[in-house]
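Enquirer: First, the structure itself, so that you have it in front of you.
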Amino acid sequence: MHSVVHMGLIDLVSPVASAVAPYLVDPVARQFKYLFLLSNNVNAMTDAMDELRAKRESTIQDIRNAELEGKACSPEVALWLQKVDTGELEVAAIKQAFDQRTNCIAMPSLNVVSNYKLGRRAFKKMEDVLQLLHTEKFDIVAKRLPPGPARELATPSMVSDVNPNLEMICQYLKENTTGIIAIWGMGGVGKTTLLKSINNEFFRAKDGMFDHVIWAVVSQDYSYEKIQSDIATSLGLPSTNANANAIHDFLKRKSFLLLLDDLWSELDLEKIGVPQPKMHHDEDKHKRMVVFTTRSEAICGVMEADKKIKMECLDLAAAWLLFKEKAGEELIASDKLIQYHAESIVRECAGLPLALITIGKAMSTKKTTTEWEYVASMMRKSKYQSIPGMKKESNFFPILKISYDNLESDTLRQCFLYCSLWGEDVEIPADELIECWMGHGLLDDFDDLNEAYSKGETIIGNLKEACLLEPVDWSKVLRLNPKYDSHVKLHDVIRDLALWITSDCGKNKQGWLVQPNTNLERLPEDCIDSEVINFSLNKIRALDGSPNCHKLRTLILSGNWQLVAISTEFFTKMHCLKYLDLSHAHITTLPDEIGGLIGLEYLNLSWTSLISLPMPLGNLQNLKYLYCQAYLLKDIPYGLIASLTKLQVLDLYGTSFYFLEERYLDELLSLTELKGVGICIKRIALLARLYHVPKQRLHLRGRGLLDFLVYQKNLYPDELINLTWVNISQSLLGSNCKTNLHELKISIITTLQELVITTQGDSSWCLSHLKTLSLVGLPQLRNVIWKDLEACHFLPSLTRLVIDGCDSLTNLCWTAELPCLQILSIMRCTELKSIITAGDESDGDATVTENGNIFNSLKELDLWDNPNLEWICEEELSLPSIERFCLTRCFKLQKLPLGLDSAKNLKIIHVSPESVWENMDWVHKDLFSHLVQVTIAGPLVPIMFF
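Here it is, written out as structure tokens:
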């Protein structure tokens, strides 16, 4: 028995010894532990795993709590959880192998090698579990989530209606055709809302176009440090990395869209750390794009925007929807009178979203028609402060006023305020606006009138760039305006802003009384403390009494056609008056007391019925500007003009005062400060004496029937009426007409046969600033001859050309190449058969139609009572700028020179009578039929005062 046991032990030990032998390099005790403490190792491993599971559950709960605060599991903890999950699977596999090691009779397996390996696995795994359990300690299990490509921003409702440009801008971003996009427009028009909508489009996008969409507000008082901090936050960078180098290093290998709101000055992107925006190139897959908003078009330029998107106000339909949403659709629909007044309020807001939203909210609690009627009335009177519910903090004028405050100079700010003197929805002629600024002393220190007008045009441009003035659609301007140049207008709410500023932001409501076209029949009595009064376009019949306007500086009464009388005492208490406008009134005389306005600097008497000027006007020693384009004016007392020693502009253009006597000319020549003259001349000898006088408007006139019957009955031998030809040259017009002359009219010279235009050998001489040319009542004129020059070089700035009553003219081909011509009016030319005839030579070498530059700038062609006119041009013309044809009593006109690719901007074809259109027949006539408007009486044609 003993030998048997002995032999069994030998049999048992032998395989163990052979198995252990290869590992004798390790301590023997450790190796035996794997084998003989297998069960203990497995149990210890399992217990450690139970503790690790408990820790894992606790950690997961901490993570869930952190997620409720917008945090996410940290990468370290995520890795630890992954290791725990992996370890759990491995522990389960070891435990399963241990449980299955029994043999078929429930005895432990005697496979020494297998037990050894399993024991070793269990021991090693126990050590791994214990390391996970004890060595990983987490102070923070979750961190703030890094920003996604974009974060959603709150925007007002109706974004699709308020921001019609959203789709277009997103398309630009997707097409990779731009690097920088500018969104510009007036305050309150919805630029920020649009920018937020762009941000949200990419928040919702799934295509991953940009790695990062970054939002930053710039504003007026920005600092580079603040912008860098905003960008770093948006990118999820630590505050310590809010510097140019860190931002640049982060973004240089990223695709990003940077959204900058409210720029007021140039922003150096490189200084911030933003890599240069650019389009997508094949060698660089990273898109870098910037979109910014600004109120100034000038900022679009300095920021080198590839695309400029101007935000316009809402159309009436969209404005109505937005207002109803804010005021309450149910409230508005509850009463027809409320709806009527609501529509009036919406029209006064003129599509400005900020005004619609602010006033809409204020009206949401107004339940009676009386309240709505009152508010509508206050808005028509520009009295926004009187609207109940318009609290100071919610008033939108301070928001809009930022644009005014940001103008570069006090002069710009004053020029803006004087724009409000014109009424609502009025198109303001640019030259009238500039003359207003000149009269108020805002354009002083100019050497000649051209310099003053250029300075004025620059100011208009600056105000347009600041979105405080708006350009006018040319087609909306009154047709055939005799002073047509360019027009601007104020948005209704911006005009109300200007009036609010003039009232010291609502504190002094009497400072400026601006009430044009309000049906006033007499001057109000509440104007004692007023400094500026404008009661133009009213129904005032008389200026009587002696109003105590001791502070009054500006008085505008133009357009009161029923005004016939001014009392002798009316001006006696206006000692501070500097600017007086009585134009377009029916007054026939002026009281002598007007001479007591010794501080007066500007006086406008144009288009009145004055026959003579009173001698006391000579007392106006400070008068700088005298405008008196009054057709009936024929008498100016000798000595009056010479008394006005500070006179800079004297405009007698269009009057019947012709300076026939040389003594009057001597007076004119004595004015040393004179910088611009408007004058009508009949005698060649007198015109020669005006050689150095700075002529702004010049009328070379013969004699009409009225002259012979009423005025000058004696004929001077050198009068223009005797001429058969006129040589338009420097020797005739004078040395400074090149830069000063803006308007030239030649009329009622019944013997004139040829008009010769010549440089007399000086190729640089031309009428470079002439805007309007009129040839009127020249029945014998057969040719306009361009000697040694071309029309396009001699008249480079001409915008309006009138040819009226020139019966013998047959060739007008020279008109086609005038580069800036916008209005061409041809009237009562009985022998004219065509304006341009194929083969007509403009310069002796090439035909007009071959040159190709035909009427490139022409916007309106007016043909009136030309009985033999058959063609404008026999060939088709492109006419890229044409917007309007006016065809009246041209019964032989066969066609318009329009083809498939012609006149892309044409808006209207005005025809009278209808037979004019019916008689025309050409291939493409049907393509333009929808533009035809027929009138019975025909379009208005200005009366030409010959």
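Here the sequence shown stands for residues -19 to -1, 1 to 927, where the numbers follow mature numbering (1 follows the signal peptide of the UniProt record, and there is no 0). All C-beta atoms, glycine included, are put in the ideal place defined by N, C-alpha and C. All values derive from a computational prediction rather than experimental measurement.
Does the pairing of the segment 20 to 33 with the segment 92 to 107 give three or more beta-carbon distances under 8 Å?
Expert: Short answer: they touch.
Enquirer: Apply the 10 Å Cβ neighbour rule to E285 and answer buried if 16 or more other Cβ atoms are within range, or exposed otherwise.
Expert: Flag for E285 reads exposed.
Enquirer: Evaluate Y97 with the Cβ neighbour count: other Cβ atoms within 10 Å of its Cβ, from every protein chain shown; 16 or more gives buried, anything less gives exposed.
Expert: When all chains shown are included, Y97 counts as buried.
Enquirer: Starting from H911, follow its DSSP beta bridges and name the residues at the other end.
Expert: None; H911 has no bridge partner.
Enquirer: Quick one: measure Cβ to Cβ for I568 and T553, integer angstroms, because I've assumed they're closer than 8 Å.
Expert: Their Cβ separation, rounded to whole angstroms, is 18 Å, which puts I568 and T553 out of contact at 8 Å.
Enquirer: Comparing C-alpha positions only, which one of I863, M901, N24 sits nearest to A884?
Expert: For the residues I863, M901, N24, the minimum Cα distance to A884 belongs to I863.
Enquirer: Going by DSSP, what residues sit across from A523 in a beta bridge?
Expert: Note: A523 sits in a beta bridge opposite A546.
Enquirer: What would DSSP say about M359, mapped onto helix, strand or coil?
Expert: Note: M359 maps to helix in three-state DSSP.
Enquirer: Who pairs with H891 in a beta bridge, going by DSSP?
Expert: DSSP output for H891 lists C867, Q914 as bridge partner(s).
Enquirer: For L793, tell me which candidate among V913, L782, R678 has the shortest Cα-Cα distance.
Expert: Closest option to L793, Cα to Cα, is L782.
Enquirer: Can you tell me where the beta strand (DSSP E) with A163 in it begins and where it stops?
Expert: A163 -> beta strand (DSSP E) spans 161 to 165.
Enquirer: So Q875 and E841 are supposed to be a Cβ contact under 8 Å. How far apart are they, rounded?
Expert: Rounded, the Cβ-Cβ distance is 21 Å, inconsistent with contact.
Enquirer: Which of the three DSSP states, helix, strand or coil, is assigned to L19?
Expert: DSSP places L19 in helix when its eight states are reduced to three.
Enquirer: Per DSSP, which one or two residues make a beta bridge with C661?
Expert: Per DSSP, H680.
Enquirer: Can we say the segment 533 to 547 touches the segment 504 to 515, given the rule of at least three CB pairs closer than 8 Å?
Expert: At 8 Å Cβ cutoff, the stretches touch.
Enquirer: How should T869 be labelled, buried or exposed, when 16 other C-beta atoms within 10 angstroms of its C-beta is the threshold for buried?
Expert: Under this definition T869 is a buried residue.
Enquirer: With a threshold of 8 Å, are at least 3 pairs of Cβ atoms found where one atom belongs to the segment 761 to 769 and the other to the segment 786 to 804?
Expert: At 8 Å Cβ cutoff, the stretches touch.
Enquirer: State the DSSP-derived secondary structure class of I568, mapped to helix, strand or coil.
Expert: Coil, per DSSP.
Enquirer: Looking at C-alpha atoms only, which residue of L494, L393, L134 is the closest neighbour of K445?
Expert: Checking every option, the nearest Cα to that of K445 belongs to L393.
Enquirer: How about residue 941 and T274: are their beta carbons less than 9 Å apart?
Expert: Nothing about residue 941 can be reported from this structure: the residues present for the chain run from -19 to 927 only.
Enquirer: Short check: CB of K656 to CB of D429, under 9 Å?
Expert: Closer than 9 Å, so yes.
Enquirer: When the Cβ atoms of the segment 335 to 346 are set against those of the segment 482 to 492, are three or more pairs found closer than 8 Å?
Expert: Judged by Cβ distances under 8 Å, the segment 335 to 346 makes no contact with the segment 482 to 492, as fewer than three pairs qualify.
Enquirer: Which of the three DSSP states is assigned to V271 in this structure?
Expert: Residue state, collapsed to three classes: strand.
Enquirer: For T159, count the other beta carbons within 10 Å of its own beta carbon; 16 or more makes it buried, fewer makes it exposed. Which is it?
Expert: Buried is the call here.
Enquirer: Span of the beta strand (DSSP E) holding T392?
Expert: From DSSP, T392 is part of no beta strand (DSSP E) but of the alpha helix (DSSP H) over 391 to 399.
Enquirer: In chain order, what residues of the same chain have a beta carbon less than 7 Å from the beta carbon of C718, not counting five sequence neighbours either side?
Expert: Cβ neighbours of C718 beyond the five flanking positions: K676, L748.
Enquirer: Assuming P878 contacts L858 (C-beta within less than 8 Å), just tell me the rounded distance between them.
Expert: At roughly 4 Å, the Cβ-Cβ gap stays under 8 Å, so P878 and L858 are in contact.
Enquirer: Please specify which runs of the beta strand (DSSP E), each continuous and at least 3 residues long, are wholly inside the segment 145 to 217, giving them in chain order.
Expert: Here the runs fully enclosed are 161 to 165, 193 to 198.
Enquirer: Could you spell out where the alpha helix (DSSP H) holding S806 opens and where it closes?
Expert: Element bounds for S806: not the alpha helix (DSSP H) but the beta strand (DSSP E), 804 to 808.
Enquirer: Is K436 buried or exposed, if buried means 16 or more other CB atoms sit within 10 Å of its CB?
Expert: Label assigned to K436: buried.
Enquirer: Along the chain, where does the beta strand (DSSP E) that runs through R781 open and close?
Expert: Residues 781 to 785.
Enquirer: Buried or exposed: which applies to K726, given that a residue is buried once 16 or more other Cβ atoms fall within 10 Å of its Cβ?
Expert: K726 comes out buried.
Enquirer: Any idea which residues DSSP pairs L631 with across the strands?
Expert: Answer by DSSP bridge pairing, in chain order: L607, V658.
Enquirer: Just to confirm, are E798 and I835 a CB contact at a threshold of 9 Å?
Expert: Yes. Within cutoff.
Enquirer: Pull up the distance between the alpha-carbon of V915 and that of S896, whole angstroms please.
Expert: Whole-angstrom Cα-Cα distance: 10 Å.
Enquirer: Tell me the residue span of the alpha helix (DSSP H) that contains T589.
Expert: T589 -> no alpha helix (DSSP H), and no H or E assigned at all.
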